[in-house]
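First residue of the sequence shown? That's 1 in full-length UniProt numbering, and the numbers climb one at a time after it.
C-beta atoms are modelled at their ideal positions from N, C-alpha and C, and glycine is treated no differently.
Each remark here refers to the structure printed beneath this line.
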Amino acid sequence: MKTYLKICIIDEQDDGESISRLLKSEFTEFEFSLHSCNIEEASFYLDRNTPDILFLNLGLVDERAVKMFSKFRKNLSQIIFITDSEANAIKAIKRGITDYLIKPIKKLDFVIAVNKALESINKQKNFIYHSTFHSKINIPTLQGFRRISIHEIIRCEADSNYTFIYLLDKTKVIVSKTLHDFEMHLSEYNFFRIHHKHLINLDHLKEYIKGRGGQVIMADNSVLDVAARKKNDFLYHVENIE
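Structure representation (structure tokens):
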């Protein structure tokens with residue numbers, strides 16, 4: 001099975017076609033989920049998705065580009081900035097991007113930049129996996145808060161504005177926070193939201209059952225649905241667990 005990569009191309013030049021062709025021709029060992037859009041459409045997409053690599057082809061570093069840099073420095077995505085100006089590339093580097101390409105794009109430069117991004121992705125995933133065992137999260141209670149090791153969390157389940165947290169010791173904690181709040185914090189610790197109701201710790205995944213979206217069986221023997229729209233991303237994350 002090919003490794004799955006999620007790519008977002010924000011391109012106001014040629015709708016991402018040239019970048020898509022290069023990816024498919026030069027990185028045949030990967031299967032790509034490609035999403036091309038302009039910068040206005042990108043904001044909606046990026047609020048709901050975290051691609052592995054973001055290609056930003058805007059020509060210059062304006063206020064819109066700065067907002068994209070700020071959004072993506074907080075997660076695992078690698079940014080490759082495409083421009084026709086060395087000065088703009090330097091500005092982008094100062095904003096924390098992974099790499100840049102000067103137009104017209106040379107094939108060798110493109111391959112080097114993508115390989116650099118892939119190397120960074122692998123390093124970050126390894127770091128997150130190993131650091132999870134030493135990390136804790138504060139769970140608010142009526143009296144204050146309770147500290148729980150992130151590795152002890154099997155899954156989180158939404159119930160309106162509350163979240164049920166299921167732990168390895170078979171206890172359940174009810175918290176007056178939305179599942180989205182926990183997703184924002186835990187997604188960098190090998191957690192994945194498989195459904196609007198379920199956020200799971202992939203370290204405690206026992207089995208996946210095929211279907212339109214499929215189902216997962218967790219360490220507590222719970223059987224949970226995987227939303228059809230989440231299936232490909234979920235299988236990609238599972239495949240890349242170290």
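- Put simply, the backbone Cα of LYS6 is about 26 Å away from that of GLU157.
- Under DSSP, no beta-bridge partner is assigned to GLN143.
- Between LEU56 and ILE82 the beta-carbon gap is near 7 Å, inside 8 Å, which marks them as a contact.
- Per DSSP, ILE105 lies in no beta strand (DSSP E) and is assigned neither H nor E.
- Per the coordinates, the alpha-carbon of GLY214 lies some 21 Å from the alpha-carbon of PHE32.
- Comparing alpha-carbon positions, the option among THR178, SER25 and PHE234 lying closest to VAL111 turns out to be SER25.
- At least 8 Å separates the beta-carbon of ALA219 from that of HIS195.
- For the set SER222, LYS210 and ASN221, the Cα lying nearest the Cα of PHE234 is the one of LYS210.
- A distance below 7 Å between beta-carbons, with the five flanking residues on each side excluded, links CYS37 to the following residues of its chain, in chain order: ILE10 and TYR45.
- ILE82 is bridged by DSSP to ASN57 and LEU101.
- Just so you know, the alpha carbons of ASP225 and ILE217 end up roughly 9 Å apart.
- Contact check between the region 163-182 and the region 140-154: three or more CB pairs, one atom from each, fall below 8 Å, which counts as touching.
- Residue pairing from DSSP places THR3 in a beta bridge opposite PHE30.
- Beta-bridge partners assigned by DSSP to VAL175: THR163.
- When the Cα atoms are used, LYS231 and ARG48 turn out to be separated by approximately 15 Å.
- ILE209 is bridged by DSSP to GLN215.
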